[in-house]
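S.K.:
In the working numbering, the protein residues as written are 203 to 471.
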């Protein structure tokens, strides 16, 4: 895995990280007391959060298999990838195409450190510690240019990350910027946390904004997420609760009536 010219990051383990909280919810060990305390507070507002994380991870595996196998995609750009865990994007894709290439992007420096260690033996992957809003910086980075070829369709993944962006950062505009840089025939995967319960939307948004020092956006409504993808071709079954997106034996069943859900789908650009 190429490391480019990035310097070693400084870790702040006293402030919760979305990536490390997600790791804890998935049953991982790459998290700290601050992350676990924040997850405890989150579970008080939304008790189904652990189930939601597992459902989301199962969706990621399914959608990558679909893009690699059914759509022939061999290069992936994973925005907000989080900490390496079982069945990372490159592992799923490379079971189908041994030459599949993946660039992971996350702004948590601990993700970079763990990614460098765990993916060092795989030169078809790279991990960038970068802000997902910096599209040109990401796509012009030497490691991304090594892996993501301009003339080949790419799958750009925004899986459970757009809720980390506040409205002022315009998630819809971010998706357009990325789409404008990708080759024809590319795909984009988008899912984000939504809730019909205003108490959950406001409670989680306030909790996460406070816990992460403002590195959080907003739990949104389905209608808001739908507008992010206006004008693009949505693949069947459209925008749905993600456990119902082309379910298979890897399904984590989502119960009706949970406080919130991951809602998204896949578009062809």
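We put the CB at the ideal spot given by N, CA and C, even for glycine. Nothing here was measured: the structure is a model prediction, and the numbers come from that model.
For residue 296, name the three-state secondary structure that DSSP assigns.
M.R.: Looking at residue 296 - three-state DSSP - the assignment turns out to be helix.
S.K.: Per the DSSP calculation, residue 198 is bridged to which residue(s)?
M.R.: Outside the shown range of the chain (203 to 471) lies residue 198, about which nothing can therefore be said.
S.K.: Candidates 340, 394 and 355: which alpha carbon is nearest residue 386's?
M.R.: Ranking 340, 394 and 355 by Cα distance to residue 386 puts 355 first.
S.K.: Tell me whether the beta-carbon of residue 261 lies closer than 8 Å to the beta-carbon of residue 423.
M.R.: No. Outside cutoff.
S.K.: Is it the case that the stretch 213 to 226 contacts the stretch 409 to 416, given that we only count it when at least three CB pairs across the two stretches are under 8 Å?
M.R.: Enough Cβ pairs lie closer than 8 Å, so yes.
S.K.: What three-state label does DSSP hand residue 243 in the structure shown?
M.R.: If DSSP states are grouped into helix, strand and coil, residue 243 belongs with the helices.
S.K.: Across which residues does DSSP place residue 411 in a beta bridge pair?
M.R.: In DSSP, residue 411 forms no bridge with anything.
S.K.: Could you check what DSSP says for residue 235 in three-state terms: helix, strand or coil?
M.R.: Helix, per DSSP.
S.K.: Alpha carbon to alpha carbon, how far is residue 465 from residue 396? Give it in angstroms, no decimals.
M.R.: Taking the straight line from one Cα to the other gives about 6 Å.
S.K.: Flag this pair as yes or no: are the beta carbons of residue 418 and residue 366 separated by less than 8 Å?
M.R.: Contact flag set, yes.
S.K.: Enumerate in chain order the residues of its own chain whose CB-to-CB distance from residue 245 is below 6 Å, with the five nearest sequence positions on each side excluded.
M.R.: Only 251 meet the Cβ criterion.
S.K.: Considering just the uninterrupted stretch of the beta strand (DSSP E) at residue 280, what are its terminal residues?
M.R.: Element bounds for residue 280: 277 to 281.
S.K.: Count the other CB atoms, across all protein chains shown, that sit within 10 Å of the CB of residue 312; report buried if there are 16 or more and exposed otherwise.
M.R.: Residue 312 is buried by the Cβ-count criterion.
S.K.: In angstroms with no decimal places, state the Cα-to-Cα distance between residue 362 and residue 235.
M.R.: Approximately 23 Å, taken between the alpha carbons.
S.K.: Does the stretch 255 to 269 come within contact of the stretch 288 to 302, defined as at least 3 CB pairs closer than 8 Å?
M.R.: Yes: at least three Cβ pairs fall under 8 Å.
S.K.: Please report how far the alpha carbon of residue 239 lies from the alpha carbon of residue 471, in whole angstroms.
M.R.: Approximately 40 Å between the Cα atoms of the pair.
S.K.: Measuring CB to CB, does residue 421 end up less than 8 Å from residue 442?
M.R.: No, the pair does not count as a contact, with Cβ atoms beyond the cut-off.
S.K.: Only counting runs of 4 or more residues, tell me where the alpha helix (DSSP H) segments fall wholly within the stretch 315 to 393, in order along the chain.
M.R.: Here the runs fully enclosed are 337 to 341, 344 to 349 and 373 to 383.
S.K.: Report the rounded CA-to-CA distance for residue 203 versus residue 402, giving the unit in angstroms.
M.R.: Summary for residue 203: the model assigns pLDDT 34, below 50, so the residue's position carries little reliability, and this model does not support an answer.
S.K.: If you draw a straight line from the C-alpha of residue 432 to the C-alpha of residue 226, how long is it?
M.R.: Straight-line Cα distance between these residues: approximately 34 Å.
S.K.: Give every residue of the same chain whose Cβ lies closer than 6 Å to the Cβ of residue 214, excluding the five residues on either side of it in the sequence, and list them in chain order.
M.R.: Once the five neighbours on either side are set aside, residue 214 has no close Cβ partner at all.
S.K.: Please report the straight-line C-alpha distance between residue 409 and residue 353, rounded to a whole angstrom.
M.R.: Their backbone Cα atoms lie some 43 Å apart in a straight line.
S.K.: Under three-state DSSP, which class holds residue 417?
M.R.: In the structure shown, residue 417 sits in coil (DSSP, three-state: anything other than H, G, I, E or B).
S.K.: Whole angstroms is fine: what's the gap from residue 310's alpha carbon to residue 330's?
M.R.: For residue 310 and residue 330, the distance between alpha carbons rounds to 10 Å.
S.K.: Please state whether DSSP places residue 203 in a helix, a strand or coil.
M.R.: Interpretation of residue 203 is limited by its pLDDT of 34, a score under 50 that renders its predicted location unreliable; no figure is taken from the coordinates.
S.K.: If you check the beta carbons only, do residue 381 and residue 349 fall under 8 Å apart?
M.R.: No, these two residues do not count as a Cβ contact at 8 Å.
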